[in-house]
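Here the structure comes first, spelled out in structure tokens, and everything after it is commentary.
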DNA sequence: AATCAAATCTGCATATTTTGCAGAAAATTA
DNA sequence: TAATTTTCTGCAAAATATGCAGATTTGATT
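Residue numbers (our numbering), protein chains in the order written: chain A, 1 to 160; chain B, 161 to 320.
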């Protein structure tokens, strides 16, 4: 017996996708407006949307513009872990750091990718120094993001 | 005479930062709740928040979990542009593609970084082929994201 | 195919939130 | 200091969210 079915792609129907699309456009769209656009009752829109959020299918987040808010150094750091067995542990440590906005393990030449927002170049240098001394971090390569052209959500229509 | 003052870091006060913090935690937090937490009137919270959004300082977006929603291939593509003068033009073209969730110019070895969400590996291959034939794209290097450990917003407290 | 159980949807009444606006307070400028 | 602009507050009206009971649909089992 399964008490709570975890959502996976196959359990998302057209209505779910339509709600996700609405939220991608405007994370503060009201239940009422979503319901009207999709021709369902407010209750339905609310139930679905709340479940999508609870199940972690979508997160409604406020994303600050790093420049406008004062993060002068937005960067990408490639992290090489040796021995490779320490990867999870290193990831755990790095994910705690407040500057980190994105952290993932990768298939490529390096093992972990860390995106960070720092106040200034010197703060960034400090940050890179800090992660360089974590046990298991063998090497790092830092790349600055100069100009962000797009920061959006992929078109869910691609999944149809 | 300046009719509309563009916001820059120095014009954001403590209340603005406090509102941004609330929205980073929950993009759907109501004006009322924000007002109560910060001990200001609802009208003030509303005016500030709307202005922060209008000025592009923060965007409230629904971010879907690529795995759960059916994007089986989440990847990072390093793009080398030759001649370098075509960079803006290439960026413009790539930013139109629906798979692209992030696009920025960088300081490093490569010129542009493109993050994409594709349905499958074959869709990703197709995508990489498509951008490889764009005029000015000299070379690409694709790295898959295997596991995302963190996808959050940086701590605004770092700016204090 | 019929039945039952579980899940989902709808619509309504109530509670809460948002919106528009006018006047008070604060900040800015001359 | 006075004038001007900007920001804040509080109130009433409109819009929205919430809780819930009953209807509908879906899915599993026989």
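For each residue, glycine too, the CB sits at the ideal point set by N, CA and C.
Task: N- and C-terminal bounds of the beta strand (DSSP E) containing residue 60 of chain A - done: Working through the first chain from its first residue, we reach residue 60 of chain A at position 60. Start and end: 58-64.
- [ ] Rounded to whole angstroms, what's the CA-CA distance from residue 28 of chain A to residue 188 of chain B? Just pull it up for me.
- [x] For the purposes of this step, residue 28 of chain A is taken as the residue at position 28 of the first chain. For the purposes of this step, residue 188 of chain B is taken as the residue at position 28 of the second chain. So the alpha carbons of these two residues sit roughly 6 angstroms apart.
Open item on the list: Run through chain B and tell me which residues come within less than 7 angstroms of residue 152 of chain A, C-beta to C-beta.
Closed with: The count along the first chain starts at 1 and reaches residue 152 of chain A at position 152. Under the 7 angstroms cutoff, chain B gives 261.
TODO: Given a cut-off of 7 angstroms, decide if residue 262 of chain B and residue 145 of chain A are closer than it, judged by their beta-carbon atoms.
DONE: Indexing the first chain from 1 puts residue 145 of chain A at position 145. Indexing the second chain from 1 puts residue 262 of chain B at position 102. No, the Cβ-Cβ distance between residue 145 of chain A and residue 262 of chain B is not below 7 angstroms.
Task: Any chain A beta carbon closer than 7 angstroms to residue 307 of chain B - done: Here residue 307 of chain B refers to the residue found at position 147 of the second chain. Residue 307 of chain B counts as touching chain A.
Open item on the list: Taking its Cβ as the centre, do 16 or more other Cβ atoms sit within 10 Å of residue 122 of chain A, making it buried, or is it exposed?
Closed with: Position 122 of the first chain, counted from the first residue, corresponds to residue 122 of chain A. Under this definition residue 122 of chain A is an exposed residue.
- [ ] Check whether the Cβ atoms of residue 56 of chain A and residue 225 of chain B lie closer than 7 angstroms to each other.
- [x] Counting from one through the first chain, the residue named residue 56 of chain A turns up at place 56. Counting from one through the second chain, the residue named residue 225 of chain B turns up at place 65. It is a contact, given that the beta carbons lie within the stated cut-off.
TODO: Return the residue from the list B:315, B:251, B:223 that minimises the CA-CA distance to residue 149 of chain A.
DONE: To locate residue 149 of chain A, count along the first chain from 1; it is residue 149. Taking only the C-alpha atoms, the option nearest residue 149 of chain A is B:251.
- [ ] Rounded to whole angstroms, what's the CA-CA distance from residue 14 of chain A to residue 244 of chain B? Just pull it up for me.
- [x] Indexing the first chain from 1 puts residue 14 of chain A at position 14. Indexing the second chain from 1 puts residue 244 of chain B at position 84. Rounded to whole angstroms, residue 14 of chain A to residue 244 of chain B spans 43 angstroms at the Cα level.
TODO: Would you check if there are 3 or more beta carbon pairs closer than 8 angstroms linking the region 262-277 of chain B to the region 194-212 of chain B?
DONE: no
TODO: Give the single residue among B:319, B:231, B:287 whose Cα lies nearest to the Cα of residue 307 of chain B.
DONE: In the second chain, the residue the question calls residue 307 of chain B occupies position 147. Considering only alpha carbons, the answer is B:231.
Task: Cβ-Cβ separation, residue 62 of chain A to residue 323 of chain B (assumed contact under 8 angstroms), whole Å - done: The shown model of chain B, from 161 to 320, leaves out residue 323 of chain B, and the question about it has no answer.
Open item on the list: Rounding to the nearest angstrom, what Cα-Cα distance links residue 153 of chain A and residue 59 of chain A in this structure?
Closed with: Here residue 153 of chain A refers to the residue found at position 153 of the first chain. Here residue 59 of chain A refers to the residue found at position 59 of the first chain. Rounded to whole angstroms, residue 153 of chain A to residue 59 of chain A spans 12 angstroms at the Cα level.
Task: Boundaries (first-last residue) of the beta strand (DSSP E) holding residue 304 of chain B - done: The count along the second chain starts at 1 and reaches residue 304 of chain B at position 144. Where residue 304 of chain B is concerned, the enclosing beta strand (DSSP E) stretches over 297-311.
TODO: Verify the CB distance criterion: does residue 223 of chain B have a CB-CB separation below 7 angstroms to chain A?
DONE: Residue numbering aside, residue 223 of chain B sits at position 63 when the second chain is read from its first letter. The beta-carbon of residue 223 of chain B is placed less than 7 angstroms from the nearest beta-carbon of chain A.
Open item on the list: Strictly below 8 angstroms CB to CB, what residues from chain B border residue 31 of chain A?
Closed with: Taking the first chain and counting its residues from 1, one reaches residue 31 of chain A at position 31. The contacting residues do not exist; residue 31 of chain A stays about 10 angstroms from chain B at best.
Task: Start and end residues, alpha helix (DSSP H) containing residue 196 of chain B - done: Your numbering for residue 196 of chain B matches position 36 in the second chain. Here the alpha helix (DSSP H) through residue 196 of chain B covers 191-198.
Open item on the list: Can you give me the C-alpha to C-alpha distance between residue 171 of chain B and residue 210 of chain B, rounded to a whole angstrom?
Closed with: Within the second chain, numbered from 1, the residue matching residue 171 of chain B stands at position 11. Within the second chain, numbered from 1, the residue matching residue 210 of chain B stands at position 50. Cα-Cα distance, rounded: 15 angstroms.
- [ ] Note down, in chain order, every chain A residue with its Cβ under 7 angstroms from the Cβ of residue 303 of chain B.
- [x] Here residue 303 of chain B refers to the residue found at position 143 when the second chain is read from its first residue. Ordered by position in chain A, the residues that pass the 7 angstroms Cβ test against residue 303 of chain B are 106, 107, 108.
Task: chain B contacts made by the region 113-130 of chain A, where a contact means CB separation under 8 angstroms - done: 113, 116, 117, 118, 119, 123
Task: Simplified DSSP assignment, three categories, for residue 114 of chain A - done: Residue numbering aside, residue 114 of chain A sits at position 114 when the first chain is read from its first letter. DSSP places residue 114 of chain A in strand when its eight states are reduced to three.
- [ ] Just grab the DSSP bridge partners of residue 266 of chain B for me.
- [x] Locating residue 266 of chain B in the second chain gives position 106, counting from the first residue. Paired residue(s): A:145.
Open item on the list: Given a cut-off of 7 angstroms on the beta-carbon distance, is the pair residue 79 of chain A and residue 52 of chain A in contact?
Closed with: Position 79 of the first chain, counted from the start, is the residue given in the question as residue 79 of chain A. Position 52 of the first chain, counted from the start, is the residue given in the question as residue 52 of chain A. No, the pair does not count as a contact, with Cβ atoms beyond the cut-off.
Task: Bounding residues of the beta strand (DSSP E) (the contiguous stretch that carries residue 244 of chain B) - done: Taking the second chain and counting its residues from 1, the one referred to as residue 244 of chain B is at position 84. Premise fails: residue 244 of chain B is in no beta strand (DSSP E) and is neither H nor E.
- [ ] Compute the Euclidean distance between the alpha carbons of residue 131 of chain A and residue 120 of chain A, then round it to the nearest angstrom.
- [x] Taking the first residue of the first chain as position 1, residue 131 of chain A is located at position 131. Taking the first residue of the first chain as position 1, residue 120 of chain A is located at position 120. Going from the Cα of residue 131 of chain A to the Cα of residue 120 of chain A covers about 17 angstroms.
TODO: Express the C-alpha separation of residue 186 of chain B and residue 208 of chain B in angstroms, rounding to a whole number.
DONE: Mapped onto the second chain, residue 208 of chain B falls at position 48. Mapped onto the second chain, residue 186 of chain B falls at position 26. Spanning the two alpha carbons is a distance of roughly 16 angstroms.
TODO: Output the boundary residues of the alpha helix (DSSP H) element that contains residue 321 of chain B.
DONE: This structure cannot speak to residue 321 of chain B, because chain B is shown only from 161 to 320.
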